[in-house]
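Structure record follows, encoded as structure tokens.
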Amino acid sequence: MSGSKLGAVVPSFCSFLVFEPSQTELVMSLCRGTGWNVRFIPDPSKRYKFHKSGHSEVAQPRALADFGSLGEGETHGQLLVVEAERTEANNIIQLIRAANVVVEGFPDQKYGNPSGFGIPDDASEQSSIFKDIFQTNGFFELFSFKMERPVAVAMAVNAWSDRRIVYAIHKLSKSYETEAITPWSAHPRYGQIFEKHSGEFSDHVRSSIAINLAFSAIEEMNLQVNSSREKPRWLDDKYTWNPIVLKDIKSRLEKVGINPERTVDWVVRGDETELTIQPARDRFSDYGDGQKVRDIEFPLPDAIHACSYLRNFMTAHAFGKETQRLGPYEVYNVQQVARFLILSICGLFNVWTRNLSEQMALQLRRDEC
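In terms of our numbering, the sequence shown is residues 1 to 369.
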């Protein structure tokens, strides 16, 4: 425990989130902006060593005796400590972790999602916990470092005041944890890596859950296409947009700072799919070859509609014959649309740690003028 508010002692919690020492000023600045009380202490696990050319990691605590000491020019990482009541501390820590999954577009399968661990004020108790608990199997492995984690902190900070964005981040993170392919495996240079679908019933359920969660994240942001029997989405059987419905989704995108004219690559790989999303647009991506890479360039409203088509007709209700045609690429597409919307609404699309550091340095120079 540490700190005080009107005489009350505020608990301190180990987040298990390790940062490179050069990132701590940036992270502290981000956290102060939203009123989070955080501080950094030397990483008690001593799992990571940082140097000019990168970092190294000790895999097992028993290896600390041989590899834990610092060499010339090396430093250990810095551990983020959150000072708040337990529920708020866990909300902060878990949101940063979920945001990290969204930033990377892939689940953190290696480290899991631990809650905060209370740190006592007493120095001897701290020392005992740091050595006898944090440097032992089961806890040592929870300490994690991610180079782009400051972007996740920025996402969590930007979302903190809006509960719907918080839930959107958690839902998409849980979707990735349910089913995901690595972003690099969807690059067109690799063509089709995965089977288009599986014959296993449990796979159909898992894919459906992942799609439902990702689309629900879109709904949390209120960026779904709104239509009804009285206000249909299409004017005719050629799938011409109802201008009233199209104007509505475009205006909501613009309201949160997203260009509705932006296009999204919808990944379609391998032989012509048995699963056709209506409307079937024929605007193929420039890098498609028409054989192994059949990716489609969707305008953003069409991409959001495609996500809702999969959810409404294949995953949200009792399964039909089309559900078994779902596969990893359909899951990836819905996740990527939700990811783009979350990153954009948080002002972080194509923003990386180096960009945040440059922005902070520029702000500091302005403040000095």
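Yeah, the Cβ is synthetic: ideal placement off N, Cα and C, and Gly gets one too. All figures in this text were calculated on a predicted structure; none of them were measured in a lab.
Q. How many Å lie between residue 353 and residue 31 at the Cα?
A. 15 Å
Q: Give me the Cα-Cα distance between residue 346 and residue 174, rounded to the nearest whole angstrom.
A: 19 Å
**Q.** Complete beta strand (DSSP E) runs within the region 92 to 144 (minimum length 3 residues, chain order)
**A.** 117 to 119
(Q) Rounding to the nearest angstrom, what Cα-Cα distance links residue 188 and residue 349 in this structure? (A) 21 Å
Q) Quick one: Cα of residue 375 to Cα of residue 132, how far? A) With the chain running from 1 to 369 in the structure shown, residue 375 is simply not present.
Q.
What does the alpha-carbon distance come out to for the pair residue 255 and residue 242?
A. 20 Å
Q: Determine the direct distance from the alpha carbon of residue 89 to that of residue 13, and round the result to whole angstroms.
A: Each residue's alpha carbon lies about 7 Å from the other.
Q) So, helix, strand or coil for residue 284, using DSSP? A) strand
Q: Leaving aside the five residues before and after residue 137 along the sequence, list all residues of the same chain whose C-beta is less than 7 Å from its C-beta, in chain order.
A: 61
Q | Residue from 240, 108, 244 and 357 with nearest C-alpha to residue 230 | A | 244
Q) Who does residue 51 pair with in a DSSP beta bridge? A) 54
Q | Contacting residues, own chain, Cβ-Cβ under 8 Å from residue 257 (five flanking each side not counted) | A | 344, 345 and 347
(Q) residue 218 and residue 326 - do their beta-carbons sit closer together than 8 Å? (A) With respect to residue 218, residue 326 sits apart: the two C-beta atoms are not nearer than 8 Å.
Q: Specify, as a first and last residue, the run of the alpha helix (DSSP H) that residue 39 falls within.
A: Run containing residue 39: none in the alpha helix (DSSP H); it sits in the beta strand (DSSP E), 38 to 42.
Q. In this structure, what does DSSP give as the bridge partners for residue 371?
A. Residue 371 lies beyond the stretch modelled for the chain, which goes from 1 to 369, so this question has no answer here.
Q | Uninterrupted beta strand (DSSP E) stretches inside the region 295 to 346 (no shorter than 3 residues) | A | 296 to 299
Q. If residue 81 and residue 40 are in contact, beta carbons under 8 Å, what's the gap, nearest whole angstrom?
A. 7 Å
**Q.** residue 234 in three-state terms, based on DSSP
**A.** strand
**Q.** Nonlocal neighbours in the same chain, by C-beta distance under 7 Å from residue 5, ignoring five residues either side
**A.** Low per-residue confidence applies at residue 5: pLDDT is 49, beneath 50, and the placement is therefore not dependable enough to give any value.
Q: With DSSP as the reference, label residue 82 as helix, strand or coil.
A: strand
Q: Could you have a look at residue 22 and say whether DSSP puts it in helix, strand or coil?
A: helix
Q: Would you mind stating whether residue 253 and residue 310 have Cβ atoms separated by less than 8 Å?
A: For residue 253 and residue 310, no; Cβs fall outside 8 Å.
Q.
Alpha carbons only, please: which of 154, 161 and 269 is nearest the one belonging to residue 193?
A. 269
Q. Are the region 206 to 215 and the region 328 to 339 touching by the rule of at least three beta carbon pairs closer than 8 Å?
A. yes
Q: Just list the alpha helix (DSSP H) runs in the region 185 to 250, keeping only unbroken ones of 4 residues or longer that don't cross its boundaries, in chain order.
A: For the region 185 to 250, whole alpha helix (DSSP H) runs of length 4 or above, ordered along the chain, are 201 to 220.
Q | Residues that residue 381 bridges to, as DSSP identifies them | A | Since the first residue of the chain shown is 1 and the last is 369, residue 381 is not available in this structure.
Q: Leaving aside the five residues before and after residue 165 along the sequence, list all residues of the same chain whose C-beta is less than 6 Å from its C-beta, in chain order.
A: 159
Q) For residue 153, which of 357, 202 and 47 has the nearest alpha-carbon? A) Closest by alpha carbon: 357.
Q) Where does residue 351 fall in DSSP's three states? A) coil
Q. Between which two residues does the alpha helix (DSSP H) carrying residue 169 extend?
A. It spans 163 to 178 - the alpha helix (DSSP H) in which residue 169 sits, taken as one unbroken run.
(Q) Checking 8 Å against the spacing of the C-beta atoms, do residue 177 and residue 107 come in under that value? (A) yes
**Q.** Helix, strand or coil at residue 357 [DSSP, three-state]
**A.** helix
Q. DSSP on residue 153, reduced to helix/strand/coil?
A. helix
Q.
Could you check whether residue 316 and residue 277 sit closer than 8 Å to each other, using their CB atoms as the reference points?
A. no
Q: Assign residue 238 to one of two classes, buried (16 or more other C-beta atoms within 10 Å of its C-beta) or exposed (fewer than that).
A: exposed
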